[in-house]
Amino acid sequence: MSTGTGATLRLLAASVNAKAVAEIGTGTGVSGTYLLQGMRRDGVLTTVDIEPERQQFARDAFRAAGFAGNRARTIPGRALDVLPRLADGGYDLVFCDGDRTECLEYLEESLRLLRPGGLVVFEGVFADGRTVDAAAPTPEVHRLRELLRAVRESRVLLPVLLPVGDGLLCAIKRG
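Numbering (our numbering), first residue to last: 357 to 531.
So this is what it looks like as structure tokens:
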């Protein structure tokens, strides 16, 4: 993740005064650290990843960045198995950086998880420039194009596409 993308995530978390954030795709904790920096001091990051060992790296990164252990809840498992167990309307921000072929399902779950005025953010929507390439798209690119269309046409979302890093698709859930 680029520094610019991270700084944007920090700003977005601060802009919605995030107390509860759900992250799909923990990775090594880089994005989670930026999100925690922008969240309220009493905020909790819930992060989901299919690879438990990545979550240990993330916990170490959060601790090294000075965050108490109770600021991040790591849940191992496939996002589409874990997300349905999270509270409806209980989140201020949902950050999606998981399997891009599941992005439409992440959008559906995000709409359920977000409170009115909450923000959903998808990372990597440019797919290294392939989403605008006229060549035959891969399944990943096809799904990203469907995601972009669904968010643009939604009456529930107010979207913006930010040209930061590999593209951040952001949308506020209308009240």
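Yeah, the Cβ is synthetic: ideal placement off N, Cα and C, and Gly gets one too.
Close Cβ partners of residue i (< 7 Å) along its chain, the five nearest in sequence each way excluded
i	result
glutamate 502	Leu460
glycine 433	Val404 and Ile406
threonine 364	Leu518, Val520 and Leu524
leucine 514	Ala527, Ile528 and Arg530
valine 516	Cys526
valine 438	Val404 and Ile431
Proximity of residue i and residue j at Cβ, strictly below 8 Å
i	j	result
tyrosine 447	alanine 491	no
valine 507	leucine 475	no
glycine 480	aspartate 453	yes
leucine 392	phenylalanine 413	no
Residue interval of the beta strand (DSSP E) (run including residue i)
i	result
aspartate 448	447-452
threonine 430	428-432
arginine 471	470-479
proline 495	Element bounds for proline 495: not the beta strand (DSSP E) but the alpha helix (DSSP H), 495-509.
Of the listed residues the options, nearest to residue i (C-alpha basis)
i	options	result
aspartate 455	Ala483, Thr402, Leu517 and Ala421	Ala483
phenylalanine 451	Thr359, Arg441 and Thr402	Thr402
glutamine 411	Val400, Val372, Ala428 and Arg396	Ala428
leucine 469	Pro440, Val386, Ser387 and Val516	Pro440
alanine 374	Thr384, Glu465, Tyr390 and Leu449	Leu449
valine 544	Glu458, Ile431, Ala424 and Gly399	Any answer about residue 544 is impossible in this case: the structure gives the chain only from 357 up to 531.
glycine 362	Gly385, Ala376, Pro408 and Tyr390	Tyr390
glutamate 465	Ile380, Met357 and Ser358	Ile380
Assigned exposure category for residue i - 16 Cβ within 10 Å defines buried
i	result
leucine 367	exposed
valine 488	exposed
arginine 505	exposed
alanine 369	buried
threonine 382	buried
glycine 473	exposed
valine 512	exposed
N- and C-terminal bounds of the alpha helix (DSSP H) containing residue i
i	result
phenylalanine 418	408-420
alanine 435	435-438
threonine 389	386-394
6 Å CB neighbourhood of residue i in its chain, flanking five on each side removed
i	result
glycine 445	Arg471
threonine 457	Pro495, Glu496 and Arg499
Contacts around residue i, its chain only, beta-carbon distance under 8 Å, and the 5 residues preceding and following it disregarded
i	result
arginine 396	Asn373, Ala374 and Lys375
Residue i Cβ short of 7 Å to the ligand FMN heavy atom set
i	result
aspartate 484	Of the ligands one can find in the structure shown there are none, so the ligand FMN has no counterpart to examine.
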